[in-house]
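In the working numbering, the protein residues as written are -14 to 376.
Here a beta-carbon is modelled for each residue, glycine too, at the ideal position from N, C-alpha and C.
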């Protein structure tokens, strides 16, 4: 009989983390059953036909942009974060498609310095400062959003990281979408990687754009009129019936090779060597949420996406390499959080702005964990990470 493992042999999901179970074949729920649904993740089954149609649509869309291009107007909006994926899109649109994108960055108040440095490098090298808009005014609204989720999150099944990331992303995309409406720009391009398909594949439909652009009732109680200006209003929703910019995720259908992207950006000096790592560019909020989830649920929530990247690698050798690489990353992040060496200054700043200390947060987490029937498994997984026994 095969020895029971704690980690799925096909991806990197861990037994006991957010309801994950490993069966007698050492496969997690998602690998054993592609239709498995978890409050934090559902494996999207994207057929080759869907990908083919998406790619055909993308190629047609680019041709339409090129035909309409006059050099005077913006052809599209690119959501620009300073990370490798959005930077690569900027490079592709300017140097391969020969288009004129408007780069919009929504500053949530907790961007990393590395992300800002990457932006400066790229904008300088490509002479695109005039194409870039940094929107900082919604920072107080984002702070209220984070305060709501960090202070009210109380689920035994759904992670804080997933909750706060989805709602933060919804607001970021809504602000970009509102810019497209105001400026009469027909496309909003988002650099979601192929693993980021938990909710949308290739394009967000109008119904979801409106839903995502409306704050949930519980959150709305935290918001004032000055905050609601960043969400869709009734006039904008009405206007969408006549003109609705398309929101597209090209990496879901075009070739995506993370190593190629990093090598290309570094060789063109659009970002400095080593500065394309998502751990360096992802905001301080998600890192604080990862800390919360590790102590509350016993694992690294990023694993949901990492595992999907592993599953999508069909070549056996590359699949094995991908699994080893992402599992190594999982353990490194976990250990650095437990050793208090993970994004120390960034998280300190975030907790100060939120009005809570890390110690107070950990105390709240401990109280909730004590009431969780899964506490023993949670503590076992934390100890495995701490003592290098997660295998």
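How would you call residue i, buried or exposed, if buried means at least 16 neighbouring beta carbons within 10 angstroms?
i, result
"residue 369", "buried"
"residue 128", "buried"
"residue 224", "exposed"
"residue 283", "buried"
"residue 1", "buried"
"residue 66", "buried"
"residue 152", "buried"
"residue 125", "exposed"
"residue 179", "buried"
"residue 410", "Residue coverage of the chain in this structure runs from -14 to 376, which leaves residue 410 outside it and unanswerable."
"residue 52", "exposed"
"residue -14", "A caution first: residue -14 carries a pLDDT of 44, below 50, which makes its placement in the model unreliable, though a value can still be read off. Exposed, because fewer than 16 other Cβ atoms sit within 10 Å of the Cβ of residue -14."
"residue 240", "exposed"
"residue 302", "exposed"
"residue 16", "buried"
"residue 49", "exposed"
"residue 356", "exposed"
"residue 354", "buried"
"residue 104", "buried"
Per DSSP, which one or two residues make a beta bridge with residue i?
i, result
"residue 188", "233"
"residue 118", "89"
"residue 13", "7"
"residue 22", "27"
"residue -1", "-8"
"residue 63", "88, 174"
Which residue wins for smallest C-alpha separation from residue i, given the options the options?
i, options, result
"residue 260", "100, 344, 34", "100"
"residue 212", "182, 160, 276, 256", "160"
"residue 257", "6, 22, 68, 0", "68"
"residue 363", "16, 281, 289", "281"
"residue 146", "157, 155, 156, 134", "134"
"residue 372", "52, 98, 320, 346", "320"
"residue 22", "219, 184, 56, 59", "184"
"residue 328", "95, 58, 57", "95"
"residue 333", "353, 350, 270", "270"
"residue 27", "18, 222, 309, 268", "18"
"residue 388", "166, 90, 136", "Lying outside -14 to 376, the shown extent of the chain, residue 388 is not represented and no answer is given."
"residue 83", "310, 60, 109", "60"
"residue 351", "277, 294, 374", "277"
"residue 262", "80, 97, 293, 12", "97"
For residue i and residue j, I'd like the C-alpha separation in whole angstroms.
i, j, result
"residue 304", "residue 70", "21 Å"
"residue 4", "residue 142", "7 Å"
"residue 177", "residue 233", "9 Å"
"residue 366", "residue 358", "15 Å"
"residue 247", "residue 102", "16 Å"
"residue 231", "residue 164", "13 Å"
"residue 194", "residue 201", "14 Å"
"residue 337", "residue 86", "36 Å"
"residue 235", "residue 312", "27 Å"
"residue 228", "residue 168", "11 Å"
"residue 300", "residue 307", "10 Å"
"residue 74", "residue 174", "9 Å"
"residue -6", "residue 30", "20 Å"
"residue 339", "residue 132", "6 Å"
"residue 63", "residue 208", "27 Å"
"residue 14", "residue 6", "6 Å"
"residue 46", "residue 158", "20 Å"
"residue 113", "residue 217", "29 Å"
"residue 214", "residue 199", "11 Å"
"residue 204", "residue 57", "40 Å"
"residue -8", "residue 10", "11 Å"
"residue 298", "residue 273", "30 Å"
"residue 42", "residue 188", "10 Å"
"residue 148", "residue 24", "10 Å"
"residue -2", "residue 210", "42 Å"
"residue 78", "residue 111", "12 Å"
Any chance you could list the alpha helix (DSSP H) runs of at least 4 consecutive residues sitting entirely within the stretch 133 to 179, in chain order?
145 to 168
Along the chain, which unbroken stretches of the alpha helix (DSSP H) at least 4 residues long are found entirely within the stretch 228 to 306?
243 to 252, 263 to 266, 269 to 282, 288 to 297
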